[in-house]
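See below for the structure under consideration.
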Amino acid sequence: MAHVPHGGVLWKVERAQTHSLSAYLHTAPAPDGGVYVAGEIGHADSDDARSFVSRVGPGKRVVWSRRVGSWGRDSTFVWSCAGDGGGNVIVSGMRERGSRTWLFVGKYDRHGRQRWLRSVSPPGCAVVLSTGPATVGPGGHVYVAVTGLTRGGPEVGTVVAFAAGTGRMLWSTRIVAKAKNGSNCYDVAVDPAGNLYAVGVKNGEGSRQHICVCKLTADGRRVWTRSWPAGRSMCDPQSRVVFAGSRAFAAVSLATANKEHLRLVSVRGSGADAWSRSLDIHGQEAELGGVVADAAGNVYVAGQTAVKGPEQVRAFLQRWSPAGRRAWVRTYYNVKARQPAMFLGVAIRGRSLYCTGSRLRAQDAPTMLTVRVTTDGRTAWRQVWTGGGKRDAMAWAVHPQRNGVYVAGASMPLDQTVFTSARATVWKLRP
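Sequential numbering of the sequence shown, starting at 205, is according to the working numbering.
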């Protein structure tokens with residue numbers, strides 16, 4: 205490792221072609237210091253997307269790779285993978301057959317054995333419209349945020365719980381008790397005591413929405429719901445929630461007719477001391493890449509912002525205190541070359557934050573961008589990977605381990621796109 209600088213690429217492994225409908229990859233820690241990777245593969249000219257989960261060891265070897273599910277020609281799309289703390293990996297997403305859709309959740313052990321796999325529609329949902337990332341609680345139970353369509357009625361946002369050992373659906377609870385015009389649920393977080401915090405929206409009259417954060421007990425009982433008006437904006441399913449210290453923080457993606465922007469809302473576990481702040485930088489358009497928190501209760505939000513137009517899209521990372529004060533903002537952009545950049549994923553380990561995404565060196569020619577930033581806002585290193593100028597690449601997920609930083613994304617020949625000829629790729633960087 206001595207000859208590789210900090211942030212340098214130790215190795216890269218490419219897998220099968222990613223599917224054109226959803227090229228995103230997701231990561232989780234593996235027990236040997238490696239990483240689990242999940243996503244979809246398939247041909248660009250086919251609607252048949254096949255989900256997979258792989259375990260990649262710290263020495264580049266692909267230990268095993270499994271197809272998720274055996275539902276004939278049904279398409280499956282992975283929206284998340286997460287470690288359960290015991291060396292196993294949880295994979296979740298959506299299964300599609302024509303106009304019918306279901307939520308699926310599966311558990312695989314460190315040897316690649318499928319412990320269980322469930323494909324369900326929550327009670328009262330005729331069609332599953334979207335699912336959030338899977339979250340694992342202290343006891344190993346799995347929780348997923350789901351938005352579904354009721355039969356002849358409005359949309360409904362629910363949190364669904366699955367048993368750790370068998371995958372049996374334990375309960376399903378709507379985040380809003382009464383919502384005449386429907387509700388949506390985007391993500392769920394868990395605190396050390398096993399309580400759940402879900403973020404979503406309650407739909408009002410005339411396309412008006414209220415941002416909602418709901419607290420549930422481990423057995424699905426609703427404790428409280430706090431809401432904030434979204435004005436004339438519509439909330440996006442990419443909204444995410446984390447719990448840190450004694451507070452829940454939700455980074456909410458909002459869109460109007462011609463602008464996307466972000467808000468950070470927070471509330472104590474008791475339901476008190478709620479606040480809401482704008483995450484926009486100088487009032488410019490902003491999009492969410494990810495949100496994490498540290499042990500002290502500070503929260504970090506990554507994404508992209510357009511400073512003076514689309515040619516100046518900048519990746520950003522900002523830190524907020526538990527009291528709702530912005531401590532610092534860092535943006536990343538090649539000013540001289542006018543190369544737009546964006547962060548699509550963020551992770552934290554100790555006092556270091558790792559952000560990953562892409563930077564454009566030319567129109568539609570992305571390069572993989574990964575940056576390490578300390579929690580006090582100092583940039584430690586940045587990596588821009590071009591494959592020696594012979595490959596384009598972009599990344600969506602980053603996972604720091606003690607022996608290296610794993611980045612998952614896609615690489616492709618020059619002048620090709622991520623939707624036609626990209627191959628699932630994992631890089632290992634020196635910390």
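All C-beta atoms, glycine included, are put in the ideal place defined by N, C-alpha and C.
Check this for me: beta carbons of G297 and G361, under 8 angstroms apart or not? No, Cβ-Cβ distance for G297 and G361 is not below 8 angstroms.
C-alpha distance - P604 paired with E409, whole-angstrom precision: In a straight line, the C-alpha of P604 is about 45 angstroms away from that of E409.
V217 to R270 span [Cα, whole Å]: So the alpha carbons of these two residues sit roughly 17 angstroms apart.
Cβ shell of V575 (< 7 angstroms), same chain only, five flanking positions each side left out: Same-chain partners within the cutoff: Y536, C559, T583, R586.
Tell me, please, whether the region 282–300 touches the region 230–247 by the rule of three or more beta-carbon pairs shorter than 8 angstroms. Counting Cβ pairs under 8 angstroms, three or more are found: they touch.
Return the chain-ordered list of same chain residues with a C-beta closer than 8 angstroms to the C-beta of Q620, the five sequence neighbours on each side being excluded. If the five residues before and after Q620 are omitted, its C-beta is found closer than 8 angstroms to the C-beta atoms of D596, A626, all from its own chain and listed in chain order.
Residue(s) in a DSSP beta bridge with P570: Looking at the DSSP assignment, P570 forms a beta bridge with L564.
Do A349 and V392 come within 8 angstroms of each other at the CB atom, strictly closer than that value? A distance below 8 angstroms separates the beta carbons of V392 and A349.
Test item: CB-CB of F547 and L564 under 8 angstroms: No; because the gap between Cβ atoms is not below 8 angstroms, this pair is not in contact.
Name the DSSP bridge partner or partners of R271? Answer is F256, bridged to R271.
Excluding the 5 residues preceding and the 5 following P342 in the sequence, name in chain order all residues of the same chain whose CB lies nearer than 6 angstroms to its CB. G398, listed in sequence order.
Beta-carbon proximity check, A510 vs V517, cutoff 8 angstroms: Against a cut-off of 8 angstroms, the Cβ pair of V517 and A510 comes out as a contact.
Sort out for me which residues DSSP pairs K419 with in a bridge. K419 is bridged by DSSP to Y401, W428.
Between R481 and L468, which are expected to be in contact by the criterion C-beta below 8 angstroms, what is the C-beta distance as a whole number of angstroms? With 8 angstroms as the limit, R481 and L468 qualify as a contact, their Cβ atoms being about 5 angstroms apart.
Identity of the residues DSSP links to E244 by a beta bridge: In DSSP, E244 forms a bridge with S255.
Quick one: residues in its chain with C-beta nearer than 7 angstroms to the C-beta of G328, no 5 flanking neighbours on either side, listed in chain order? Cβ within range, chain order: T354, V360.
Answer with buried or exposed for V577, where buried requires no fewer than 16 other C-beta atoms within 10 angstroms of its C-beta. So V577 ends up on the buried side.
Below 7 angstroms, is the gap between the Cβ of G261 and the nearest heavy atom of the ligand HEM? With respect to small molecules bound, the structure shown includes none, and the ligand HEM cannot be examined in it.
Which value, in whole angstroms, describes the spacing of the CA atoms of V417 and G494? Between V417 and G494, the alpha-carbon positions lie close to 18 angstroms from each other.
What's the gap between the Cα of G212 and the Cα of P337? G212 and P337 have their C-alpha atoms some 30 angstroms from each other.
Which of helix, strand or coil does DSSP assign to Q605? Correct three-state label for Q605: strand.
Buried or exposed (CB count within 10 angstroms, at least 16 for buried), H486: That one is exposed.
Can you look up E464 in the DSSP assignment and give me helix, strand or coil? Here E464 carries a strand assignment [DSSP, helix/strand/coil].
Please list, in chain order, all residues of the same chain as M438 whose beta carbon is under 8 angstroms from its beta carbon, the five residues on each side excluded. Hits under 8 angstroms: S411, Q413, L458, A459, T460.
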